[in-house]
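A short worksheet on the structure shown next.
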DNA sequence: CTTTTTTTATTGATCGTTCAATCAATAAAA
DNA sequence: TTTTATTGATTGAACGATCAATAAAAAAAG
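Residue numbers (this note's numbering), protein chains in the order written: chain Y, 705 to 908; chain S, 705 to 908.
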């Protein structure tokens, strides 16, 4: 039933189907046919819209990265508090956003992490995104911590977020987002407390 | 050149070659032939010793897990200090051990992490190992922290270690082990300092 | 100490399967 | 009627597994 203007619809369907397939059987067995039938279309359409399987995988990774970026920046825009803690908190919240922590997204993330080490294009995407996260964290920490301390704090918190994320993806029960947020905030407050020996109350 | 008793030698060679191949081209393109020629043997030998490719991959993951376990328990045995901090320190040091942080081992770890989500046998291995690490950490924290706090501390530190590890594997320059250790210890000390006082200000 | 036999380790061509990509045919909307 | 979207059979390449053939060492026999 060819109507005009199907392209954006099909692209979205196929990207979604790719995540679902990776969630079901993993990247290795996410064949073109499985993805296509998951989206209710034929296999040939993938090459038509994405030029091939690689194109679809790249588009899917792009989608996941922009989903994360959007989740973070939406929360940062909605802030009325301009403190470093509030901004970093928005970054934490964004990373543990619903759409990111769901089974399909989490497994797709991990699959792409592994894959990006050997595919230059995916590595480039991953790296750009990672550096932006780091730069944001660093910039906020810089407002209350000296140069070197801010860098270390940014690296530490980034590692904490990714680690919680990773362990959540590997656990069959999935990530306990409440506990993850709690641990991340607790660590954040300890990092901030370092500045000027301030006492900081628990975040709930 | 068939000599008797080649089995353990070949097994070791092939496991090593598997890691090297994964390091070079990733798990997806680590074919039986590439692994075999990397070890200087023919492709058929893999099925002979491991029953097939899956058997070799399972054996390789087992090797990596026992390498980590050994690195940790060796350091714990060598302790003369019996404090919780010393034991947990040994766990941190073991996780950032040379053999574990090297390119091939790191990339193989990540590849298996991703793969384990869809292969029950690998998942089982990963899970057993993970729970042991968590139980060890929890047991040590338990000596100085109340029940719930110890659990949270163990989860937090485990996430920190894995996160540093992950980011090290993804970074082309590899992991900065000194900084990683420093961040892990710093977090550990903050967790331990919590004991006795709820709100801690770090004076230096 | 040779020669022969047996055992053990290893090879690599071959087979069947799976997959991504292609493209001529088709069908629905414009 | 023309344009646009979609199909699905086909093609060629790649892979893992298999196994009969081979080669070297070890054991037995002379």
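Glycine is no exception: its CB is placed at the ideal position from the N, C-alpha and C atoms.
From a predicted model like this one, the values you see are computed outputs, not experimental measurements.
Assignment of residue 785 of chain Y by DSSP, reduced to helix, strand and coil, places it in the coil class.
Listed along chain S, the residues sitting closer than 8 Å to residue 883 of chain Y by beta-carbon distance are 856 and 859.
At least one CB of chain S lies nearer than 8 Å to the CB of residue 811 of chain Y.
The C-beta of residue 821 of chain Y comes closer than 8 Å to at least one C-beta of chain S. Any Cβ of chain S closer than 8 Å to the Cβ of residue 871 of chain Y would place that residue at the interface, and such an atom is present.
Within chain Y, the residues whose beta carbon sits less than 7 Å from that of residue 864 of chain S are 863, 864 and 867, listed in sequence order.
DSSP places residue 816 of chain S within a helical segment (H, G or I) once states are collapsed to three.
Residue-level contact by beta carbon fails for residue 844 of chain Y and chain S, as no gap is shorter than 8 Å. The segment 805-884 of chain Y contains, as complete alpha helix (DSSP H) runs of 4+ residues, the segments 807-820, 824-846 and 851-874 (chain order).
It is roughly 48 Å from the alpha-carbon of residue 810 of chain S to the alpha-carbon of residue 708 of chain Y. The Cβ-Cβ distance between residue 830 of chain S and residue 769 of chain Y does not fall below 8 Å.
Under the 8 Å criterion on CB atoms, residue 814 of chain S is classed as interfacial with respect to chain Y. Residue 870 of chain S is positioned such that its CB atom lies no closer than 8 Å to that of residue 872 of chain Y.
Rounded to whole angstroms, the Cβ separation of residue 800 of chain S and residue 738 of chain S is 30 Å, and the two are not in contact under 8 Å. Here residue 895 of chain S is not near residue 796 of chain S, since their CB atoms are 8 Å or more apart. Nearest Cα to residue 789 of chain S within the set S:881, S:756 and S:840: S:840. Annotation: the continuous alpha helix (DSSP H) that includes residue 728 of chain S extends over 711-729. Closest in alpha carbon position to residue 863 of chain Y, among Y:845, Y:878, Y:838 and Y:852, is Y:838. Boundaries of the alpha helix (DSSP H) harbouring residue 754 of chain S: 748-754, taken from the DSSP string. Under the Cβ distance rule, residue 818 of chain S counts among the residues neighbouring chain Y, one pair being separated by less than 8 Å.
In the same chain as residue 815 of chain S, and ignoring 5 residues on each side of it, the C-beta atoms closer than 8 Å to its own belong to 726, 730 and 731, in chain order. Secondary structure of residue 707 of chain S (DSSP, three-state): coil.
Using beta-carbon distances, residue 830 of chain S counts as an interface residue toward chain Y, with a partner under 8 Å. Neighbourhood of residue 753 of chain Y in chain S, by CB distance below 7 Å: empty, with the nearest CB roughly 23 Å away.
Between residue 736 of chain S and residue 764 of chain S, the CB-CB gap reaches or exceeds 8 Å.
By the CB criterion at 8 Å, residue 853 of chain S and residue 822 of chain S fall outside the cutoff. Residues of chain S with a Cβ closer than 9 Å to the Cβ of residue 730 of chain Y are, in chain order, 818, 819, 821, 822 and 823. Within chain S, the C-beta atoms nearer than 8 Å to that of residue 887 of chain Y come from 856, 859, 860 and 863, in chain order. Contact between residue 775 of chain S and residue 804 of chain S holds: their C-beta atoms lie close to 6 Å from each other, under 8 Å.
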